[in-house]
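Working notes, structure below.
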Amino acid sequence: MITVATWNVLHRIHAENWGEDVATHWPDESKRVAAIAGRVAELPAEVVALQEVSGDLLAAIRATTGRTVHAMRYRRVPRPRKMPSQLKDDTEYLVLLVDGPSRVITELQFHDDWGKGGLAVHTAGLTMVATHVSWWEAKRAGQLAKLRDLAVEPAVLMGDFNADGDTVVSGLGEGFRVAELPPGATTQGEQAIDHVIVRGATATNARVLDNEGLSDHHPVLATIS
76 MITVATWNVL HRIHAENWGE DVATHWPDES KRVAAIAGRV AELPAEVVAL QEVSGDLLAA
136 IRATTGRTVH AMRYRRVPRP RKMPSQLKDD TEYLVLLVDG PSRVITELQF HDDWGKGGLA
196 VHTAGLTMVA THVSWWEAKR AGQLAKLRDL AVEPAVLMGD FNADGDTVVS GLGEGFRVAE
256 LPPGATTQGE QAIDHVIVRG ATATNARVLD NEGLSDHHPV LATIS
């Protein structure tokens, strides 16, 4: 068995552009970066998928984690629309952190959204895919089809899918199963859009952790066997 986690940690520029409360509660981004890096280091998981990782946060994670860091830099760089960026490095990454031996299989950037994609790594006999899927419904089907091709069995997909689990599994097709969260559990506001999804494996004990006010999303954990 292996425990996995996924968390959209909210890039600072996105937080400010969209007026997220996190930006107000954490006016000093350097302090939030340090707090997120510490929280990530404490997550009780062998594999952790992270979305919306800024260059500053990636550097902090590299400095504090004992896990191997796999990071895919998006071609799109977030641009501040309301105020100057506090970040030293505005770039955005999709990240997989892995305990134990691992190798990158594929880095995939969605051509219809250069700030979304998938990162596939092989570890512990599993294909682990971190992903961030667009919220535009018109783009979802094509992006899920690309993820389906990445998910060579046995596989685990982890990320912010910007849709409920039934919608995601329907789009991925036969053989995919979402890790069922407790009834009423949400991962972002009143929605459950962050998921652990398996193909040729079993996911149990899925649960949502407190985000400690660090992001608009909560971490999601599940046990894979």
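The sequence shown finishes on residue 300 if you use the working numbering, and the numbering steps up by one all the way, no holes.
In this text, a Cβ means the ideal position worked out from N, Cα and C, and glycines have one as well.
What do you reckon, are the CB atoms on residue i and residue j nearer than 9 Å?
| i | j | result |
| --- | --- | --- |
| residue 234 | residue 208 | yes |
| residue 218 | residue 188 | yes |
| residue 206 | residue 172 | no |
| residue 80 | residue 144 | no |
| residue 230 | residue 179 | no |
| residue 183 | residue 175 | no |
| residue 261 | residue 278 | no |
| residue 177 | residue 87 | no |
| residue 264 | residue 291 | yes |
| residue 293 | residue 82 | yes |
| residue 164 | residue 130 | yes |
| residue 170 | residue 289 | no |
| residue 77 | residue 117 | no |
| residue 238 | residue 215 | yes |
| residue 200 | residue 167 | no |
| residue 251 | residue 232 | yes |
| residue 162 | residue 127 | no |
| residue 108 | residue 132 | yes |
| residue 158 | residue 91 | yes |
| residue 296 | residue 286 | no |
For the beta strand (DSSP E) holding residue i, just list the boundary residues, first then last.
| i | result |
| --- | --- |
| residue 111 | Segment 104–117 is the alpha helix (DSSP H) holding residue 111; no beta strand (DSSP E) there. |
| residue 132 | Residue 132 -> not in any beta strand (DSSP E); alpha helix (DSSP H) instead, spanning 130–139. |
| residue 297 | 295–299 |
| residue 156 | That residue, residue 156, is in no beta strand (DSSP E); it is neither H nor E in DSSP. |
| residue 289 | That residue, residue 289, is in no beta strand (DSSP E); it is neither H nor E in DSSP. |
| residue 80 | 77–83 |
| residue 231 | 230–235 |
| residue 184 | 178–184 |
| residue 269 | 269–274 |
| residue 279 | 278–283 |
Looking at the structure shown, is residue i part of a helix, part of a strand, or coil, going by DSSP?
| i | result |
| --- | --- |
| residue 143 | strand |
| residue 241 | helix |
| residue 98 | helix |
| residue 254 | coil |
| residue 264 | coil |
| residue 246 | helix |
| residue 301 | Missing from the structure shown is residue 301; the chain here goes from 76 to 300 and no further. |
| residue 192 | strand |
| residue 169 | strand |
| residue 127 | strand |
| residue 120 | coil |
| residue 198 | strand |
| residue 208 | coil |
Quick one: does the C-beta of residue i sit closer than 8 Å to a heavy atom of the ligand NAP?
| i | result |
| --- | --- |
| residue 226 | Among the components of this structure there are no ligands whatsoever, and the ligand NAP is therefore not found. |
First and last residue of the alpha helix (DSSP H) that includes residue i?
| i | result |
| --- | --- |
| residue 88 | 87–92 |
| residue 223 | 212–225 |
Under a CB-based cut-off of 9 Å, is residue i close to chain C?
| i | result |
| --- | --- |
| residue 89 | Judged by its chain identifiers, the structure shown contains no chain C, having just a single protein chain. |
Am I right that residue i and residue j are in contact with their C-beta atoms under 8 Å? What's the rounded C-beta distance?
| i | j | result |
| --- | --- | --- |
| residue 244 | residue 222 | In fact, because the Cβ distance is near 12 Å, the residues do not count as touching under 8 Å. |
| residue 227 | residue 198 | Not really, about 13 Å apart at Cβ, beyond 8 Å. |
| residue 300 | residue 276 | 7 Å |
| residue 283 | residue 247 | With a Cβ gap of about 21 Å, residue 283 and residue 247 do not count as contacting. |
Contact the stretch 152–163 vs the stretch 110–117: 3+ CB pairs below 8 Å: Contact fails: fewer than three Cβ-Cβ distances are below 8 Å.
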